[in-house]
Amino acid sequence: MTNDEFYVLDMEMKTISPVISGEIKTSERDFKRKKDINAPCRITGDNKVAVPIYGVVRGYLERILREKGENVCDTGAKGAKGCGRCILCDLFGNLGRRGRVFFDDLKSNEDFNKVVKVSFHSRISRDDASVSDSLTIEEIQEDALFEGKIRILNPKEKDIELLSASIEAINEFGLGGWIRRGRGRVDMKIKSVSKRKWSEFYERGKEVAAKIMV
């Protein structure tokens, strides 16, 4: 493997149970709140559903490596900066230094309205069995297909092995919200790995320039 090389991983995910993928855009959250939706799903500009996987892949891999006896950083901890030397910092980066792995959000093949349904959840009082509170949540339904890419710069021998280990943990324990209540079960996999070279961009640039200059 040379510095000229990078990998492109084609990712695929199928939902096994409803998945809750929280919206982060303030404008969208405010819009949905006016419709009495407490927890909206993340919607893209082209009306698909987005499921971010960077954090969950990193989080599960951290647990796996710790249990294996590796000394790795917990950059999810408050005020943590990362050591810049451990396996996780190398892959995912740390404060002031980017990692070698770049994640797309996984995006649904079908439009938002076809794969997301609104569900109503009640909180029952233990004292008198009355409804003490309620939540209206958007949930990605079962059998929804998602695709995306992961790119690895300066790939190392165990990179695919490490990412695959984390994906296996995701498939076992789930992702997103309410996984302790059966939400978030998915079947995620690496469909293919393409070995690419930075030098190919120069050749593509020459082709584009030739067309422009005609």
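Residue numbers (this note's numbering): 584 to 797.
Beta carbons: idealized from backbone N, C-alpha and C, even for Gly.
Go ahead and pull the three-state DSSP assignment for residue i.
i: GLU653; result: coil
i: ASN677; result: strand
i: VAL727; result: The question names Val, but residue 727 in the sequence shown is Ala. The answer is coil: DSSP assigns ALA727 none of H, G, I, E or B.
i: VAL639; result: helix
i: ALA748; result: helix
i: SER600; result: coil
i: GLU755; result: helix
i: ARG794; result: Per the sequence shown, residue 794 should be read as Lys rather than Arg. Helix at LYS794.
i: GLU740; result: coil
i: ILE762; result: helix
i: ARG668; result: coil
i: LYS661; result: coil
i: ILE647; result: helix
Taking the alpha-carbon positions, what's the residue i to residue j distance?
i: ALA752; j: THR627; result: 27 Å
i: ILE773; j: LYS690; result: 15 Å
i: ARG779; j: GLU786; result: 13 Å
i: GLU755; j: ASP593; result: 21 Å
i: CYS666; j: ASN677; result: 7 Å
i: ASN692; j: ALA727; result: 8 Å
i: VAL776; j: ARG681; result: 22 Å
i: LYS789; j: ARG768; result: 46 Å
i: VAL602; j: MET796; result: 49 Å
i: GLU783; j: ASP629; result: 29 Å
Would residue i count as contacting chain C if we go by Cβ distances under 8 Å?
i: VAL776; result: As a matter of chain content, chain C is missing from the structure shown, which is built from one protein chain.
Return the bridge partner residues of residue i from the DSSP annotation.
i: PHE784; result: DSSP lists no partner for PHE784.
i: ILE735; result: TYR590, VAL684
i: SER691; result: PHE729
i: THR719; result: PHE703
Quick one: any contact between the segment 723-731 and the segment 628-637, if contact means 3 or more CB pairs under 8 Å?
-> Yes: at least three Cβ pairs fall under 8 Å.
Touching by the beta-carbon criterion (3+ pairs, under 8 Å), the segment 695-705 and the segment 679-686 = Short answer: they don't touch.
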